[in-house]
Every structure is written in C-alpha cells, then in structure tokens.
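In what follows, a structure is listed as structure tokens, so that the remarks can point back to it.
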Amino acid sequence: MNQEHNISYGTGDTSFQSAGGEAGIRKLVDKFYERMGTDPRFSTIYNMHPDDIEVSIDKLARFLCGWLGGPKRYQEKYGSISIPAVHQHLAIGTDERDQWLTCMKESIDEQTYEANFKDYLIAQLSIPAEVIRTRSKQ
Ligand code: HEM
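Just so we're aligned, residue 1 is where the sequence shown starts under the numbering used here, counting upward by one.
Structural data, given as structure tokens:
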C-alpha cells in the first residue's frame, strides 16, 4: 500500500495505468534497451541478446504489459512464458543481475512516473531478477 497517495499498486491494473499504459511501457523499454546498448557498463548483458534487438524490445514490452496488470500482449503473440526458463541458458550472476537492475532503475528514473511508483516498480522487478540469477547457468 502506498501510504502517501493511498494507492495499492498491486491491485487490478493500477500499476499498468501508473506506467502510462501500453505506450508508457513501450517508451520505458525503448529507453532501457537504448541505454543498455550504448552504455559500456551494460555491455556484458547487451551482448547476450540476439542480433535483432527489436524482437527483445517487443517481447519485454509485451511481457511487462501483462505483468503490471494490463492486457496479456506477450501471450497473444508468443504464447506462454516462464521467466526463469527463458533465461536458464544464460550466465547470469550477481554482476549481470545488477547490470540489468541498474539499467532498468536509471531508465525508470527518466520517466514521468510518480516517485512512489518508481520505487515500487524497481523493488518488484528485483524479485524475478534474483530468481533468474539463482536458476541460470552460473
Ligand atoms: C536478471 C537480469 C536479467 C538479464 C541479464 C536478462 C537478459 C536477457 C536476455 C539476454 C534475453 C534474451 C535471451 C535470448 O533470446 O536468448 C532476455 C529475454 C527476456 N527477458 Fe530478461 N534478463 C534479466 C531479467 C529479466 C526480468 C527481471 C524480466 C521480467 C520481469 C525479464 C524479461 C525477459 C523477457 C520477457 C524476455 C524475452 C523472452 C523470450 O520470449 O524469449 N528479464 N533477457
């Protein structure tokens, strides 16, 4: 529960709306991958991606749409997904996990979201990021 504004981000599509709906999420993911591809601090994880980064952008934006309580766009196009399973073939340790979370935090900070939602979002994303680390090829 967000005490200051009395908003519970995990309820219904509150998070999806707070992230600016589909257009807002797509904007975040565009910025996230642009940052990952241009800042050398994130080159290890950027280089793990397939050549066509547009596909990765489309997949993450669609996934986050449903994950935040909006329409299930990932399933519509790509079918069901297990987040740990799709990362299992990658070598993701603490450095790689933190590269991803730092890149995402800086991208979230650039958005016009409410400060409380920014904190909530990065805290929520750090949960699957840690699960991915524990299940991925070390
Ligand atoms: C822990 C740090 C993470 C790293 C280093 C990472 C890296 C990657 C890489 C390299 C790919 C492309 C894999 C491939 O096509 O071979 C990928 C795909 C993907 N990632 Fe991550 N990721 C991380 C965390 C997350 C988190 C926290 C989420 C969501 C909450 C996420 C969602 C996705 C999705 C939806 C795909 C597309 C899967 C598919 O359909 O193939 N990732 N990630």
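The beta-carbon is built from N, C-alpha and C at its ideal position, and this holds for glycine as well.
The continuous alpha helix (DSSP H) containing H87 extends over residues I83 to H87. Non-local C-beta neighbours of K137 in its own chain, meaning closer than 6 Å and more than five positions away in sequence, comprise A91, ordered along the chain. The residue among C103, V55 and Y74 with its C-alpha nearest the C-alpha of D39 is C103. Excluding residues up to 5 positions away in sequence, S107 and E110 lie with their Cβ nearer than 7 Å to the Cβ of K31 in the same chain. Taken through DSSP and simplified to helix, strand or coil, A23 comes out as helix. Annotation: Y33 to E96 spans about 15 Å, alpha carbon to alpha carbon.
Our two residues, L125 and L101, have alpha carbons roughly 8 Å apart in a direct line. Residue state for I7 is assigned as strand, using DSSP reduced to three classes. By the Cβ test, the region 61 to 71 is in contact with the region 22 to 29, since at least three Cβ pairs between them sit closer than 8 Å.
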